[in-house]
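Have a look at the structure below, then the notes.
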Amino acid sequence: MIAPDLRSGVEQLGDMIAAASRIVPFTGAGISTECGIPDFRSPGGVWTRNRPIPFDEFVASPAARAEAWRRRFAMEATFAAARPGRGHRALASLYKAGKIPAIVTQNIDNLHQLSGFAADDVIELHGNTTYASCIGCGKVYDLPWVRQSFDASGGAPDCTACDEPVKTATISFGQAMPEDAMRRAAELAEHCDLFLAIGSSLVVWPAAGFPMLAKNCGARLVIINNEPTEQDDMADLVIRHDIGDTLGPFVGN
Ligand SMILES: [Zn+2]
């Protein structure tokens with residue numbers, strides 16, 4: 216059912232959280248917009264102005280790699296300044312209280328880790344943009360190193376160990392989904408009693424299949440999103456209000 220207003224939505228959510236012992240949150244761009252991170256997919260968002268560079272193009276073309284890094288550097292002030300919002304902090308409170316074993320996210324902004332989740336307990340379906348890694352051997356690089364090599368050579372850097380391209384540690388279009396993260400996310404969805412889909416339009420597959428998986432395995436499903444989603448009909452509770460306003464009351468609980 217759709218909560219008729221914010222207050223009753225928060226109340227019902229509070230009851231469901233209190234009754235649950237194993238909550239799995241699944242987060243999308245909507246939880247980070249109050250932190251200044253743009254929703255790349257939204258109308259007018261970065262991806263409607265700049266076509267995303269697919270993985271095979273990145274691998275094949277030095278010019279595409281240089282362009283990808285120029286775009287990433289242009290976003291650095293935004294990512295570096297972002298701090299966890301009310302939604303992140305509320306979930307971190309429930310994690311510290313032992314109610315949340317781990318969190319699944321489509322976001323690449325590292326804000327769940329910054330809010331207090333152990334890195335191992337953040338399952339990133341689309342990777343992480345706050346560091347880089349070699350697409351060949353996986354060696355990890357920090358962004359200042361990438362910037363320095365870029366400025367020194369005028370192009371995207373290659374791995375010092377194996378010479379393959381270095382890329383932000385994100386999953387690009389056309390790149391395989393991370394198997395381990397997908398497996399862990401499915402296991403969490405299968406073994407929870409409350410699944411919270413937060414700030415995701417639930418249209419990007421296969422990630423969008425997790426709410427249904429949780430529901431089919433017996434969990435209650437709550438969808439918190441500003442806009443309607445295609446899966447609202449399946450949810451036990453739909454809260455169509457601002458995420459910070461909805462989860463703010465649970466910060467510190
Ligand atoms: Zn390498």
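First residue of the sequence shown: 216, per the numbering used here; consecutive thereafter.
Ideal Cβ positions, reconstructed from N, Cα and C, are used throughout, including at glycine.
- Neighbourhood of ligand 1, defined by CB distance below 6 Å to any of its heavy atoms: Cys349, Gly351, Cys352, Lys354, Cys374, Ala376, Cys377, Glu379, in chain order.
- Look at Gly224 here: in three-state DSSP terms it is helix.
- Assignment of Ile232 by DSSP, reduced to helix, strand and coil, places it in the helix class.
- The continuous stretches of alpha helix (DSSP H) do not include Glu339, which lies in the beta strand (DSSP E) extending over residues 337–339.
- According to DSSP, residue pairing for Ala295 in a beta bridge does not occur.
- Counted as a single uninterrupted DSSP element, the beta strand (DSSP E) harbouring Phe410 occupies residues 409–413.
- Judged by DSSP in its simplified three-state form, Phe241 adopts strand.
- Taking C-alpha positions only, Gly424 is separated from Glu405 by approximately 12 Å.
- A straight-line Cα-Cα distance of about 46 Å links Leu411 and Ser368.
- The beta carbon of Gly459 is closer than 7 Å to those of Glu249, Gly300, Arg301, Gly302 in its chain, skipping five residues each way along the sequence.
- In this structure, DSSP gives Asn343 an extended state, which the three-state scheme calls strand.
- In this chain, Ile350 is not harboured by any beta strand (DSSP E), its DSSP state being neither H nor E.
- For Cys407 against Arg222, the beta-carbon gap comes to about 26 Å, at or over 8 Å, which does not count as contact.
- Inclusion of Phe294 and Thr242 in the CB contact set at 8 Å is not warranted, their separation being larger than that value.
- Classified as exposed, Arg266 has fewer than 16 neighbouring CB atoms from the shown chains inside 10 Å of its CB.
- Sorting Ala422, Tyr356, Gly313 by C-alpha distance to the C-alpha of Ala401 places Ala422 at the top.
- In this structure, Glu445 places its C-beta atom within 8 Å of the C-beta atom of Val418.
- DSSP places Asp373 in the strand class (E or B) of the three-state scheme.
- A Cβ-Cβ distance of about 7 Å is found for the pair Met427 and Met449, placing them in contact under the 8 Å criterion.
- Under a 10 Å Cβ-count criterion, Arg287 is classified as buried, with 16 or more other Cβ atoms of the shown protein chains found around its own Cβ.
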